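In the working numbering, the protein residues as written are 39 to 535. Ideal Cβ placement from N, Cα and C applies to all residues, glycine included. Note that this is a predicted model, so its numbers are computed, not measured. What follows is a single structure, written as structure tokens, with notes after it.
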């Protein structure tokens, strides 16, 4: 069976790839009729002489107690051959730092425990050591160990918590006790903190601290903060706080549906429920109209009554997604002054999927100005014809407080929650930018390390979608960060395999 066929792809089966620096790489093909272990042994035997030394064992690296730039290494010389037979000849043991030979031990004793101190390290950084035995049959199997040398930057702050104290964002944390790279870390070496709000606003907190207050929240929205401790070596790992809702200025309502129904809200009908997904483009949880049980008629999710006395209009915004199944329903925004008689102010397209998207509108009908304005999400028709209508981050404010254009000027972009979430192994990340912008979209692991940069280029205005494939990653929590013209927002996603 050929390894490569005319269609331009590999034939079915495993394709293990093995290689040794300084020798040719070899590919061995394992089809479905041959045992993989046999193929593996065949491949390794082709690259190592059976009489060459096996791998040294118990190879460790530790920082010297008296000097953080000295590394103490210890190992046991090989005592068997690559093929597992007793080793009868060992002419040298070679020690490499970052693939550069730093010393060679001639005529070593087989199976002997050895120690060596590397005292010629040029600068702080991560170093990989490799040790390998040599005899007349050639170099044997290598063994490696890695260590960070020198003083380290801080790790992540711990237990980072955000609370809303009457409109003031209050952060608290515990300082890191270990370095970001496992190197020498001095606990009281922190000189400042870099703090970034998820709308891109940056703060610098000087000195060593465990709390920070922000009284500059600009808009009603969901906020979180990224905190990075800094010492004289550099910036440490990022930690991201929990997300909290804030209501500011002329905002009457901002609801992220942590509870359902929210306090003061009214549900009419059997199909409105608490949704634990993030289909609307926000974050879990959310409000959801679900198709089951199958019902026909009008059902309402009604915002608590609002006093709009003396006002002529209000501004409504929310995230949502309508998952279409078939014809026979309408999704609408309606208003009332008594929660009985309703007037339609917007009807969504009922012939296709919508979103996830952010929706904005100004309401200026005769109901505005009442001391009891009701705004509701109305489903009418056959619930069997829709899969679900997901809603999140409902904001209602007096129109004099903020307009659609002003919102875009302040933020300049919108980042949706990835979908699906949790995911395996692929998920889509959607975002909207209001103007042609410089855009960067990066993936981070829970240690704050960059895993992938999906986008780093200029992009045009409008909606964009990017697929992220995490096939090579382990299950866990990851973060994606969208940066647009100096502003940024970070969201969490979960990979489950």
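ask   = CA-CA distance, residue 519 and residue 479?
value = Translated into the one-based positions of the chain shown, residue 519 becomes position 481. Translated into the one-based positions of the chain shown, residue 479 becomes position 441. Distance between the alpha carbons of residue 519 and residue 479 is about 6 Å.
inquiry  = Using C-beta distances below 7 Å, list every residue in its chain close to residue 372, excluding the 5 sequence neighbours before and after it, in chain order.
reply    = What you label residue 372 is simply residue 334 of the chain shown in a count that begins at 1. The residues are 380, 381, 382, 383, 414, 416.
task = Can you have a look at residue 223 and say buried or exposed, based on whether 16 or more other CB atoms are within 10 angstroms of its CB?
result = The count along the chain shown starts at 1 and reaches residue 223 at position 185. Classification for residue 223: buried.
message = Looking at the strands, I want to know which residues DSSP matches up with residue 516.
response = For the purposes of this step, residue 516 is taken as residue 478 along the chain shown, with counting starting at 1. Answer is 531, bridged to residue 516.
ask   = Is it the case that the Cβ atoms of residue 133 and residue 167 are separated by a distance below 9 Å?
value = Residue numbering aside, residue 133 sits at position 95 when the chain shown is read from its first letter. Residue numbering aside, residue 167 sits at position 129 when the chain shown is read from its first letter. Contact flag set, yes.
request  = Determine, using beta carbons only, whether residue 353 and residue 325 come nearer to each other than 9 Å.
outcome  = Along the chain shown, one-based indexing puts residue 353 at 315. Along the chain shown, one-based indexing puts residue 325 at 287. Cβ distance not < 9 Å, so residue 353 and residue 325 don't count as in contact.
ask   = Would you call the stretch 212-229 and the stretch 123-140 touching, i.e. three or more CB-CB distances under 8 Å?
value = No: fewer than three Cβ pairs fall under 8 Å.
query = Between residue 452 and residue 513, which are expected to be in contact by the criterion C-beta below 8 Å, what is the C-beta distance as a whole number of angstroms?
reply = Here residue 452 is taken as the residue at index 414 of the chain shown, counted from 1. Here residue 513 is taken as the residue at index 475 of the chain shown, counted from 1. Contact between residue 452 and residue 513 is absent: CB atoms are separated by about 29 Å, not below the 8 Å threshold.
inquiry  = The beta strand (DSSP E) that contains residue 353, what's its start and end?
reply    = Residue numbering aside, residue 353 sits at position 315 when the chain shown is read from its first letter. Counting along the chain, the unbroken beta strand (DSSP E) around residue 353 starts and ends at 352-362.
ask   = Over what stretch of residues does the beta strand (DSSP E) that includes residue 182 continue unbroken?
value = Here the question's residue 182 lines up with position 144 in the chain shown. That run of the beta strand (DSSP E) goes 176-187.
request  = Assign residue 343 to buried or exposed, taking buried as 16 or more other Cβ atoms, counted over all protein chains shown, within 10 Å of its Cβ.
outcome  = Translated into positions along the chain shown, residue 343 becomes position 305. Around the beta-carbon of residue 343, 16 or more other beta-carbon atoms lie within 10 Å, marking it buried.
task = State the start and end residues of the unbroken beta strand (DSSP E) segment that holds residue 502.
result = Locating residue 502 in the chain shown gives position 464, counting from the first residue. Where residue 502 is concerned, the enclosing beta strand (DSSP E) stretches over 500-507.
inquiry  = For residue 101, which residues in the same chain have their Cβ closer than 8 Å to its Cβ, ignoring the five residues on either side in sequence?
reply    = The residue given as residue 101 occupies position 63 in the chain shown. Residues 108, 109, 110, 185, 187, 221, 222 of the same chain have their beta carbon placed closer than 8 Å to that of residue 101, with the five preceding and five following residues left out of the count.
Which residues DSSP lists as bridging residue 275, in chain order = Looking up residue 275 in the chain shown gives position 237. In the DSSP assignment, residue 275 is bridged to no other residue.
query = Does the Cβ of residue 534 have 16 or more other Cβ atoms within 10 Å, making it buried, or fewer, making it exposed?
reply = To locate residue 534, count along the chain shown from 1; it is residue 496. Its Cβ having fewer than 16 others within 10 Å, residue 534 is exposed.
key: CB-CB length for residue 260 against residue 278, believed under 8 Å   = In the chain shown, residue 260 corresponds to position 222, counting from 1. In the chain shown, residue 278 corresponds to position 240, counting from 1. For residue 260 against residue 278, the beta-carbon gap comes to about 13 Å, at or over 8 Å, which does not count as contact.
task = Report the three-state DSSP secondary structure of residue 226 (helix, strand or coil).
result = One-based indexing of the chain shown puts residue 226 at position 188. Here residue 226 sits in helix by DSSP.
key: residue 456 beta carbon less than 9 Å from that of residue 529   = What you label residue 529 is simply residue 491 of the chain shown in a count that begins at 1. What you label residue 456 is simply residue 418 of the chain shown in a count that begins at 1. Their beta carbons are under 9 Å apart, which means residue 529 touches residue 456 by this criterion.
query = Any idea what DSSP makes of residue 452, helix, strand or coil?
reply = Taking the first residue of the chain shown as 1, we reach residue 452 at position 414. Residue 452 falls in the strand class under three-state DSSP.
inquiry  = Suppose the cutoff is 6 Å on Cβ atoms and the five residues either side in sequence are ignored; what does the same chain contact list for residue 234 look like?
reply    = Position 196 of the chain shown holds residue 234. In its chain, beyond the 5 residues on either side, 240, 264 have a beta carbon closer than 6 Å to the beta carbon of residue 234.
query = At what residues does the beta strand (DSSP E) containing residue 337 begin and finish?
reply = Locating residue 337 in the chain shown gives position 299, counting from the first residue. 334-340 is the extent of the beta strand (DSSP E) around residue 337.
key: residue 334, buried or exposed, once every other Cβ within 10 Å from all chains shown has been counted against 16   = The count along the chain shown starts at 1 and reaches residue 334 at position 296. Around the beta carbon of residue 334, a 10 Å sphere encloses fewer than 16 other beta carbons of the protein chains shown; the residue is thus reported as exposed.
query = residue 337 and residue 297 look like a contact to me (Cβ under 8 Å); what is the Cβ gap, rounded to whole Å?
reply = In the chain shown, the residue the question calls residue 337 occupies position 299. In the chain shown, the residue the question calls residue 297 occupies position 259. Actually they are not in contact, since the Cβ atoms of residue 337 and residue 297 sit about 20 Å apart, beyond 8 Å.
key: Within 9 Å, strictly: CB atoms of residue 356 and residue 430   = Numbered from its first residue, the chain shown carries residue 356 at position 318. Numbered from its first residue, the chain shown carries residue 430 at position 392. Between residue 356 and residue 430, the CB-CB gap stays under 9 Å.
inquiry  = Short of 7 Å in beta carbon distance, which residues of its chain neighbour residue 97, apart from the five on each side in sequence? Order them along the chain.
reply    = Position 59 of the chain shown holds residue 97. So the qualifying residues of the chain are 113, 169, 181, 183.
For residue 510, the residue or residues it bridges with in DSSP = If you number the chain shown from 1, residue 510 lands on position 472. Note: residue 510 sits in no beta bridge, so no partner.
request  = Between the Cα of residue 158 and those of 145, 106, 147, 432, spot the shortest distance and give me the residue it belongs to.
outcome  = Along the chain shown, read from residue 1 onward, the residue named residue 158 stands at position 120. Per the C-alpha coordinates, the member of 145, 106, 147, 432 positioned closest to residue 158 is 106.
task = Note down, one range per segment and in chain order, each beta strand (DSSP E) of at least 3 residues found wholly within the stretch 403-428.
result = The beta strand (DSSP E) runs of length 3 or more contained entirely in the stretch 403-428 are, from start to end of the chain, 412-420.
query = Which word fits residue 293, buried or exposed, when buried means at least 16 other C-beta atoms lie within 10 angstroms of its C-beta?
reply = If you number the chain shown from 1, residue 293 lands on position 255. Burial check for residue 293: the Cβ neighbour count within 10 Å reaches 16 or more, so the residue is buried.
request  = Provide the residue(s) that pair with residue 435 in DSSP beta bridges, ordered along the chain.
outcome  = Position 397 of the chain shown, counting from 1, holds the residue named residue 435. Partner(s): 289, 353.
request  = With residue 474 as the anchor, note down where its beta strand (DSSP E) starts and where it stops.
outcome  = Translated into the one-based positions of the chain shown, residue 474 becomes position 436. Secondary structure note for residue 474: it is in no beta strand (DSSP E), with a DSSP letter that is neither H nor E.
Identity of the residue in 207, 269, 245 nearest residue 251 by Cα = Along the chain shown, one-based indexing puts residue 251 at 213. When each option's Cα is compared against that of residue 251, the closest is 207.
ask   = Is residue 122 buried or exposed, if buried means 16 or more other CB atoms sit within 10 Å of its CB?
value = On the chain shown, residue 122 is found 84 positions in, with the first residue counted as 1. Classification of residue 122: exposed, given that the 10 Å Cβ count is below 16.
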